[in-house]
Amino acid sequence: MKVRFYTVIISLLICFSETNADSNLNVVVSIKPFHSLVSGVMLGVARPELLLKGNFSPHTYSLKPSDAKKLQYADFVFWGGEALEGFLSKPISSLSKNAEVVSILEINGLKLRSFRAESHIGKSENFESHSHNMPKNQVAELKAAVDPHIWLDPENAKVITQKTVQILSDFDPENAQKFQKNGEKIIVRLNELDQQLSSEMIEISDRTYLVLHDAYQYFESRYQLKSAGSITLQLEHFLGVSRLKKVQKMIQTSKVRCIFTEPQYSQKLVKTLIKDSSVKKGILDPIGADILPGPELYFDLMKNLSISLKSCLN
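Counting in full-length UniProt numbering, the final residue of the sequence shown is number 314, and the numbers go up one at a time with none missing.
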């Protein structure tokens with residue numbers, strides 16, 4: 001059972017401690033995983049603002065007036081980059097003129113991976129064979145693009161944490177010691193999390209599954225999991241009948257045990273794909289859509305991925 005009750009209690013206690021913190025530091029963070037790590041570093045100093053609240057995808061989100069106001073008064077804006085959060089590209093340049101913008105994907109030391117375009121519908125098919133609904137320029141861009149879901153490798157989370165400590169300490173030296181201590185605690189917890197996940201994923205490393213879109217290669221590579229690929233290249237593009245047939249055929253021939261969708265999207269497509277088969281349906285949540293924001297979110301997100309994978313593949 002996923003630990004949500006304890007997360008709520010811990011988050012409420014954290015909010016209380018941050019309410020009593022004294023700092024004028026105004027930080028805005030784009031999505032929950034990044035916000036969680038930044039929140040952990042800032043614990044006891046201030047609470048960063050989160051833009052993408054609720055059950056939304058950064059791929060399809062539209063900026064709200066309240067979001068624009070947050071950006072306008074920010075000292076720092078942490079975001080993944082245009083590949084992940086295209087909705088933020090223009091607002092950041094126009095609204096956050098006085099803020100220092102931290103593009104997390106550009107942090108030195110990250111383990112970056114290109115999109116696995118050739119394996120989205122099984123290794124036997126090439127990229128072009130299932131990207132016909134996309135404009136040619138987007139196909140070329142996607143081939144060359146870096147997969148932005150970097151937080152799904154705890155090693156990258158450690159790099160992000162360390163960089164956040166450095167940036168905030170330089171800006172607010174009076175609280176540098178707090179940032180440093182918080183960062184050290186997060187690193188210890190990330191190491192423990194990594195060891196736990198490594199142990200848990202061994203038992204399902206030989207079991208094949210399919211995901212809705214290719215958001216998980218950092219997690220899969222870290223823990224040597226066996227993904228058959230993803231159903232779609234980009235979630236905003238329509239899935240045609242011929243494509244559906246190809247996916248169904250691949251499911252039959254690749255011994256796929258489970259297909260994972262995400263909480264932000266309709267379950268109808270997956271239900272259609274597994275109809276009249278023994279393939280199971282699961283849900284993976286790569287951004288913590290259903291988890292309360294705060295320092296604990298990142299750890300709960302990663303543990304929940306493990307729980308969902310084991311539950312569906314065992």
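Ideal placement from N, C-alpha and C gives every residue a C-beta, glycine not left out.
- If you look at residue 249, you'll find it in the alpha helix (DSSP H) that goes 241-253.
- Put simply, of 99, 241, 246 and 242 the residue whose alpha carbon is nearest the alpha carbon of residue 229 is 246.
- When secondary structure is reduced to three states using DSSP, residue 226 falls in the strand class.
- Less than 8 Å divides the Cβ of residue 30 from the Cβ of residue 78.
- Under the DSSP assignment, residue 103 falls in the beta strand (DSSP E) whose first and last residues are 100-103.
- Residue 253 sits exposed, since fewer than 16 C-beta atoms from the chains shown fall within 10 Å of its C-beta.
- Non-local beta-carbon contacts of residue 68 in its own chain, meaning distances under 7 Å to residues more than five positions away in sequence, involve 91 and 95 in chain order.
- With a minimum length of 4 residues, the unbroken runs of alpha helix (DSSP H) contained wholly in the stretch 41-100 fall at 65-72 and 89-95.
- Scanning its chain for C-beta atoms nearer than 8 Å, with the 5 sequence neighbours on each side dropped, one finds around residue 54 the residues 289, in chain order.
- Annotation for residue 209: the continuous beta strand (DSSP E) segment containing it runs 208-213.
- No Cβ-Cβ contact shorter than 8 Å links residue 160 with residue 231.
- Residue state for residue 188 is assigned as helix, using DSSP reduced to three classes.
- By the neighbour-count criterion, in which a residue is buried when 16 or more other Cβ atoms sit within 10 angstroms of its Cβ, residue 297 is buried.
- By the C-beta criterion, the stretch 143-156 is judged not to be in contact with the stretch 198-207, since fewer than 3 inter-stretch pairs fall below 8 Å.
- Between the stretch 34-47 and the stretch 174-184 there are three or more C-beta pairs closer than 8 Å, enough to call the two in contact.
- Less than 8 Å divides the Cβ of residue 207 from the Cβ of residue 226.
- Cβ neighbours of residue 103 within its own chain (closer than 8 Å, five residues either side excluded): 79, 80 and 81.
- Inclusion of residue 209 and residue 301 in the CB contact set at 8 Å is not warranted, their separation being larger than that value.
- Secondary structure of residue 27 (DSSP, three-state): strand.
- The three-state secondary structure of residue 281, taken from DSSP, is strand.
- Between the beta-carbon of residue 212 and that of residue 155 there is about 25 Å, and that puts the pair past the 8 Å contact cut.
- According to DSSP, residue 146 shares a beta bridge with 114.
- Residue environment: residue 85 is assigned as buried (16 or more neighbouring CB atoms within 10 Å of its CB, all protein chains considered).
- Sequence-distant Cβ neighbours of residue 38 in its own chain, meaning closer than 8 Å and more than five residues away, are 27, 29, 48, 78 and 164.
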